[in-house]
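Asker:
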Amino acid sequence: MAAGAVTIKKYSNRKLYDPGQSRYVTLEEIAEMVRQGKAIRVVDADTEEDLTSVTLAQILLEREKQKRHPLPVEFLRQLVQYGEAMQLALQEAVASNWEALRKAQREGEKQLQELAKAGGKMAEGWLAPVESLWRGVAPRGTGEGDRTAALKAEVEALKARLRELEEKLSRT
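In my numbering, the protein residues as written are 6 to 177.
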């Protein structure tokens with residue numbers, strides 16, 4: 006198990022204890038840790054025997070009981086019928102395809118991130134002219150358009166007055 010794995014101790018009374026958090030945990034909490042991508046390791050508190058696979062199978066069994074994500078009956082029947090040979094074949098198939106699946110997932114995430122970056126840059130390029138136009142246009146019905154027009158007229162009047170004063174100064 007990977008370094009940094011959360012170790013859970015299982016006691017003879019079937020209670021599960023997380024020494025890192027100094028508290029008892031439930032199967033559902035362990036399932037949530039796994040869903041979050043945390044590496045877990047479940048060991049017998051007395052013998053240190055690794056009970057991780059048994060605990061994960063127990064989580065699957067609890068899900069099956071609650072019918073949250075039921076496994077196909079035919080799959081379960083064959084698993085029981087062919088026993089260890091089926092389990093080994095299944096483990097082998099999953100192991101051989103798991104890394105390829107993870108690689109495809111990482112590549113897909115990378116491409117989505119690149120697309121988002123490129124899309125963001127394209128959006129910025131498209132938005133810049135729109136924003137400059139928007140800054141020059143006041144929303145209707147707010148009175149801002151009238152105020153802008155009045156300010157522009159006032160600026161023009163001041164420019165005209167300034168030109169007049171400059172002409173008078175240049176004549177003197």
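Where is the CB? At the ideal position from N, CA and C, for every residue including glycine.
What you are looking at is a predicted structure, and each value in this text was computed from that prediction instead of being measured.
1. With residue 19 as the anchor, note down where its beta strand (DSSP E) starts and where it stops.
2. State yes or no: is the beta carbon of residue 46 nearer than 8 angstroms to at least one beta carbon in chain C?
3. Just the C-alpha distance for residue 162 and residue 122, rounded to the nearest angstrom, thanks.
4. Name, in chain order, the residues that DSSP records as bridge partners for residue 87.
5. Count the C-beta pairs between the segment 85-105 and the segment 38-48 that are closer than 8 angstroms, then say yes if the count reaches three, no if not.
6. When the Cα atoms are used, what is the spatial distance from residue 38 to residue 12?
7. Quick one: what does DSSP say residue 12 is sitting in, helix, strand or coil?
8. Around the C-beta of residue 56, are 16 or more other C-beta atoms found within 10 angstroms, so that it is buried, or is it exposed?
9. Are there 16 or more other CB atoms within 10 angstroms of the CB of residue 15, so buried, or fewer, so exposed?
10. Can you tell me where the alpha helix (DSSP H) with residue 43 in it begins and where it stops?
11. Apply the 10 Å Cβ neighbour rule to residue 21 and answer buried if 16 or more other Cβ atoms are within range, or exposed otherwise.
12. Measure the C-alpha to C-alpha separation of residue 168 and residue 175 and round it to an integer number of angstroms.
13. Taking residue 69 as part of the alpha helix (DSSP H), name the residues at either end of that continuous run.
Answerer: Short version:
1. Here residue 19 belongs to no beta strand (DSSP E), and DSSP marks it neither H nor E.
2. No chain C appears in the structure shown, which is made up of a single protein chain.
3. 48 angstroms
4. Answer is none; residue 87 lacks a bridge partner.
5. no
6. 11 angstroms
7. strand
8. buried
9. buried
10. It is not in any alpha helix (DSSP H) - residue 43 carries neither H nor E in the DSSP assignment.
11. buried
12. 10 angstroms
13. 57-71
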